[in-house]
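Visitor: This is the structure I have questions about; it appears just below.
Protein chains in written order, with the working numbering: chain A, 2 to 262; chain B, 9 to 147.
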């Protein structure tokens, strides 16, 4: 381990026993602020959209750290130059600079119910940010959807996409919705769409009982409801690297104190 | 100040650092001491070797480094040392039984970012401060 291939004086150099290795792992986990090693349930060998997006953020952060330490020694200011297909906006990289933690959330809606009671096309999305410690404040949150180019529709056609926060649900009638954003899309448009859901995410973190998810619907110019697939929006049945997800940026407001062991 | 006779006694010893002290004085410092002098050593923490590839996405590990070595007098000839470390060394020379030498410890630390899955397959990117030793010195 020593750069000069010498074992320094007083340094114990030997292979660790199994229980020592376990103790070592426990200590490293404690440094990372984790009570035990996570056991994610990854059904696919390949990373889907959220890990890919997060990996881009990681690479941006790492290259920035590297160039910053280089510029510190050179005495020059550095500029961010990372260009990535997953990393969407300049705004996101600005949030990243300010964040202590970034987290992506998988969509928890198992079965798509595409038609409402009134035969209106819509998609439901649910994320669970309730396990975030109270010391972490949400500085920004976004809902990300991928749109593919649709060639079977006239290329200059436009659609209106509406993202709602579900406020109240009823068994026998339509849910109460709060419109978060509406945006006009071109049929030929392709790429990630990002919707700001910062205030909604804050509400979900503070009061998880209010977390009834999001609803997204699309209308034609004439106001007719149209399905996700027809306009090229990718849902959970689409390609892995284009799956919708939520991302939130956090700032730590308290000093992390390690628990006594 | 420790006052009285003891103070006088210590001051006498301070003028003759070699006497009764375990560490070498300025005249004793030579190239062979460089090997044991306080400096940064390489230490790589491998997440891969811990078998954590299934939940840590990046990095595979990181160069944490560590500080090790002796703090010899005069400290400021070859490394970073706090002003008080020099005082601590003098006190140690005067009273080696009771006062320890300054510690060889990190003077500059950097952060790393870790990207990992949680139990729910959500992905977390977290910045951890003070994880990588940039420089060592005497405290």
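C-beta atoms are modelled at their ideal positions from N, C-alpha and C, and glycine is treated no differently.
#1: What's the gap between the Cα of residue 54 of chain A and the Cα of residue 116 of chain B?
#2: Give the single residue among B:100, B:99, B:140, B:57 whose Cα lies nearest to the Cα of residue 113 of chain B.
#3: For the alpha helix (DSSP H) that residue 94 of chain B lies in, which residues bound it at each end?
#4: Give the C-beta separation of residue 186 of chain A and residue 164 of chain A to the nearest angstrom, bearing in mind that I take them to be a contact with Cβ-Cβ under 8 Å.
#5: Could you tell me whether the stretch 134 to 143 of chain A touches the stretch 199 to 207 of chain A, using the rule of 3 or more Cβ pairs below 8 Å?
#6: At what residues does the beta strand (DSSP E) containing residue 193 of chain A begin and finish?
#7: Leaving out the 5 sequence neighbours to the left and right, which residues in its chain are closer than 6 Å to residue 169 of chain A when beta-carbon positions are compared?
#8: Is the shortest distance between the beta-carbon of residue 129 of chain A and the beta-carbons of chain B less than 8 Å?
#9: Out of curiosity, what's the CA-to-CA distance linking residue 253 of chain A and residue 101 of chain A?
#10: Between residue 129 of chain B and residue 20 of chain A, is the Cβ-Cβ spacing less than 8 Å?
#11: Have a look at residue 77 of chain A and residue 142 of chain B and give me their C-alpha separation to the nearest angstrom.
#12: What span of residues does the beta strand (DSSP E) with residue 327 of chain A cover, start to end?
#13: Spatial neighbours of residue 94 of chain B within its chain, please: CB distance less than 6 Å, with the 5 preceding and 5 following residues excluded, ordered by chain position.
#14: Can residue 248 of chain A and residue 232 of chain A be called in contact, C-beta distance under 8 Å?
#15: Give me the Cβ distance between residue 45 of chain B and residue 77 of chain B, rounded to the nearest whole Å; I'm assuming they're in contact under 8 Å.
#16: How big is the Cα-Cα spacing for residue 36 of chain B and residue 97 of chain B?
#17: For residue 97 of chain A versus residue 62 of chain A, is the C-beta spacing smaller than 8 Å?
#18: For a test of the three-state rule: what should DSSP assign to residue 30 of chain A, helix, strand or coil?
#19: Would you check if the distance between the CB atom of residue 162 of chain A and the CB atom of residue 217 of chain A is smaller than 8 Å?
#20: Measuring from the CB of residue 44 of chain B, is there a heavy atom of the ligand SAH at a distance below 7 Å?
#21: Please say whether residue 126 of chain A and residue 103 of chain A have beta carbons closer to each other than 8 Å?
#22: Per the DSSP calculation, residue 159 of chain A is bridged to which residue(s)?
#23: Within 8 Å (strictly less), CB to CB, does residue 89 of chain B reach chain A?
Guide: Taking the geometry as given:
#1: 32 Å
#2: B:140
#3: 91 to 102
#4: So it is not a contact: roughly 12 Å between Cβ atoms.
#5: yes
#6: 192 to 197
#7: 177
#8: yes
#9: 6 Å
#10: no
#11: Since pLDDT at residue 77 of chain A reaches only 38, below the 50 mark, its modelled position is unreliable, and the value read off the structure follows with that caveat. Near 19 Å, if we compare the C-alpha coordinates of residue 142 of chain B and residue 77 of chain A.
#12: Residue 327 of chain A lies beyond the range of chain A shown here (2 to 262); nothing can be said about it.
#13: 83
#14: no
#15: 5 Å
#16: Confidence at residue 36 of chain B is low in this model, with a pLDDT of 46, below 50, so the placement of that residue should be treated as unreliable; the coordinate-derived value is given next. Cα to Cα, residue 36 of chain B sits roughly 15 Å from residue 97 of chain B.
#17: yes
#18: helix
#19: yes
#20: Inclusion of the ligand SAH in the displayed structure is not the case, the ligand content being empty and no account of it being possible.
#21: no
#22: A:187
#23: no
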